[in-house]
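J.:
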Amino acid sequence: MIVIDEKRIFQEIEDKNPASVSLNGPDGILPQVQETAKNITKKFGIPAYVLADTTWGTCDLNSNGSKVLGAEIQFNIGHTINTETYEKNLILIDAYDDVEFDGVAKKCADLLKGKTISLVTDSQHLHQVDKVEKILTDNGIIVKIGKGKGQLNDGQVFGCEFYPATDLKKEVDAYVFLGQSNFHASGIAL
149 MIVIDEKRIF QEIEDKNPAS VSLNGPDGIL PQVQETAKNI TKKFGIPAYV
199 LADTTWGTCD LNSNGSKVLG AEIQFNIGHT INTETYEKNL ILIDAYDDVE
249 FDGVAKKCAD LLKGKTISLV TDSQHLHQVD KVEKILTDNG IIVKIGKGKG
299 QLNDGQVFGC EFYPATDLKK EVDAYVFLGQ SNFHASGIAL
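This note's numbering numbers the first residue of the sequence shown as 149 and each following residue consecutively.
1) Would Tyr-323 and Ser-271 be called neighbours here (beta carbons separated by less than 7 Å)?
2) Taking the DSSP output, what are the residues bridged to Leu-240?
3) Nearest CA to the CA of Ser-329: which residue from Lys-254, Leu-316, Val-252 and Phe-306?
4) Tell me the rounded alpha-carbon separation between Ile-225 and Asn-172.
5) As a quick exercise: from Ile-289, Gly-298, Lys-261 and Asp-245, pick the residue whose alpha carbon is nearest that of His-275.
6) Going by the beta-carbon positions, is the gap between Asn-187 and Asp-201 smaller than 7 Å?
7) Candidates Ser-334, Ala-337 and Gln-180: which alpha carbon is nearest Ala-243's?
8) Could you check the C-alpha separation between Arg-156 and Leu-300 for me, to the nearest Å?
9) How close, in whole Å, do the beta carbons of Pro-195 and Thr-189 come, if the pair is a contact with beta carbons under 8 Å?
10) Name the residue from Gly-262, Ser-214, Lys-255 and Phe-331 whose alpha carbon lies nearest to the alpha carbon of Asn-237.
11) Measure the Cβ-Cβ separation of Lys-295 and Asp-286 and say whether it is below 7 Å.
12) CA-CA distance, Ser-334 and Leu-217?
13) Could I get the ranges of all uninterrupted beta strand (DSSP E) runs contained in the segment 235-320, with 3 residues as the minimum, in chain order?
14) According to DSSP, simplified to helix, strand and coil, what is Asn-330?
15) Determine the DSSP secondary structure at Asn-210, reduced to helix, strand or coil.
16) Please report the straight-line C-alpha distance between Ala-257 and Ile-150, rounded to a whole angstrom.
17) Could you spell out where the alpha helix (DSSP H) holding Asn-187 opens and where it closes?
18) Here's the rule I'm using: 16 or more other beta-carbon atoms within 10 Å means buried, otherwise exposed. How should Leu-316 be labelled?
19) Check for me: the beta strand (DSSP E) holding Asn-172 runs from which residue to which?
As structure tokens, this is what we get:
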């Protein structure tokens, strides 16, 4: 289940006291974004607009939609980067998937024993990297995690940025992608 950092959103609203806000995020988490918008309106009594246009992370933030609506703060949810703000009045909010990869990692270890792999993920699963790395390493796999550049964290890929994967291409036998996104996995495969 996707867990949005509503506590941080609420704190930003309390600190800045906007008349209205907008929210957007990846298509796959829009139901949770809508629920967060309802929670904002209920708690603060202000309009919380959901920008349902597809967003591709910091490559395509859809901040024009927010400006057209007159929202004083735009929350982009689920595109975690190594900084908290990206442009004026736009705040990046974490959203994590609480799915566990333990069982999958153990099965993967059986298939890849003795290999060197690159472990990569998207924003929603960054918090699982260390745990999965340990499972794989404990089971005889050499794990490499590519360094993030620019806005990316170590091991993280975006649809428009794949440095942690591509920089290790000649050093690994395979990639292990933590996530449920065909979009990100396809980019790694390219």
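Note that CB positions come from ideal geometry on N, CA and C, so glycine has one too.
T.: Reading from the atomic positions:
1) Contact check for Tyr-323 against Ser-271 fails: the beta carbons are separated by 7 Å or more.
2) Asn-224
3) Phe-306
4) 6 Å
5) Asp-245
6) no
7) Gln-180
8) 21 Å
9) 7 Å
10) Ser-214
11) Contact flag unset, no.
12) The alpha-carbon atoms of Ser-334 and Leu-217 are separated by roughly 34 Å.
13) 238-241, 243-245, 264-269 and 290-292
14) Looking at Asn-330 - three-state DSSP - the assignment turns out to be helix.
15) coil
16) Whole-angstrom Cα-Cα distance: 26 Å.
17) For Asn-187, the uninterrupted alpha helix (DSSP H) segment begins and ends at 178-192.
18) buried
19) 169-172
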